[in-house]
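A.B. asks: The sequence shown begins at 27 in the working numbering and counts up by one. For glycine and all other residues, C-beta sits at the position ideal for the given N, C-alpha and C. Predicted, not measured: the structure shown is a model, and the values here were computed from it. First, the structure itself, so that you have it in front of you.
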Amino acid sequence: MYFAALLARTEDGWVASDTELDDVETLSDLADLAREASPDEDTVLVLIEQEDAWFGVVRVDGEEDPRIYVSDAAAAARSSYGEILLTDELLGRDPGDEGDDLDTLDLDGTEDGESDDEDEDAADGGDAAAGSAEAVPHGPVGDAEVLDDLGLSEKELRAMSGDAVGEIAEALGASEVLETVR
27 MYFAALLART EDGWVASDTE LDDVETLSDL ADLAREASPD EDTVLVLIEQ EDAWFGVVRV
87 DGEEDPRIYV SDAAAAARSS YGEILLTDEL LGRDPGDEGD DLDTLDLDGT EDGESDDEDE
147 DAADGGDAAA GSAEAVPHGP VGDAEVLDDL GLSEKELRAM SGDAVGEIAE ALGASEVLET
207 VR
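As structure tokens, then:
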């Protein structure tokens, strides 16, 4: 079970709306959804929480690139919604790099099926899977200062657990508007 909400900062205060992420497949789709929530290019926060296992904050300021914070990358990686946030850049990988995929390729010059040692090929494939799993760290990733200028410090953000979305909204003075969409 997950909860996702948009908080748009307007000159009149925060405006909240719940959102379905079923049609969102990429971070770009998510950023577009956030921009639609504020035609005046105000700050929009996308808050995502999954079963108290992890939470994510995506901040979109006009046409700037989204800023992302994820509380537990390993937990988020097991969620289709978390995978949207865990971009190669956020994880420190080169775009399109899926770990050590070259290890799974047969580059010894033999034709398919002519491998000298099939056990060695199997071991290489196992190493590639381990390399990919290691690319997603346990714990927080991203821009922990994403909410600093809004009154929520990096230290406070990293300390959140449980109802983190509610805690963030409260710290921003937006808990009442968030409750209207919960």
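Anyone know if the C-beta pair for T69 and R93 falls short of 8 angstroms?
C.D. replies: No; because the gap between Cβ atoms is not below 8 angstroms, this pair is not in contact.
A.B. asks: Spatial neighbours of E196 within its chain, please: C-beta separation below 8 angstroms, excluding the five flanking residues on both sides.
C.D. replies: Counting only Cβ-Cβ distances below 8 angstroms, and skipping sequence neighbours, we find nothing.
A.B. asks: Give a yes or no on whether the C-beta atoms belonging to L71 and A30 are separated by under 8 angstroms.
C.D. replies: Cβ atoms of L71 and A30: not closer than 8 angstroms.
A.B. asks: Identify which residue in S105, S97, L198 has its Cα closest to the Cα of D175.
C.D. replies: For D175, the nearest C-alpha among the options comes from L198.
A.B. asks: Can you find the residues in the same chain that come closer than 7 angstroms, C-beta to C-beta, to G177, ignoring five residues on each side of it along the sequence?
C.D. replies: Around G177: A197, L198.
A.B. asks: So what's D127 in DSSP terms, helix, strand or just coil?
C.D. replies: At D127, the pLDDT of 46 sits below 50, so the modelled position is not reliable and the matter cannot be decided from this model.
A.B. asks: Would you check if there are 3 or more beta carbon pairs closer than 8 angstroms linking the stretch 180-196 to the stretch 105-125?
C.D. replies: The stretch 180-196 is not in contact with the stretch 105-125.
A.B. asks: Along the chain, where does the beta strand (DSSP E) that runs through S43 open and close?
C.D. replies: Counting along the chain, the beta strand (DSSP E) containing S43 begins and ends at 39-44.
A.B. asks: From what residue to what residue does the alpha helix (DSSP H) around V191 run?
C.D. replies: Its alpha helix (DSSP H) spans residues 190-198.
A.B. asks: In whole angstroms, what is the alpha-carbon distance linking P163 and D98?
C.D. replies: One C-alpha to the other measures close to 8 angstroms.
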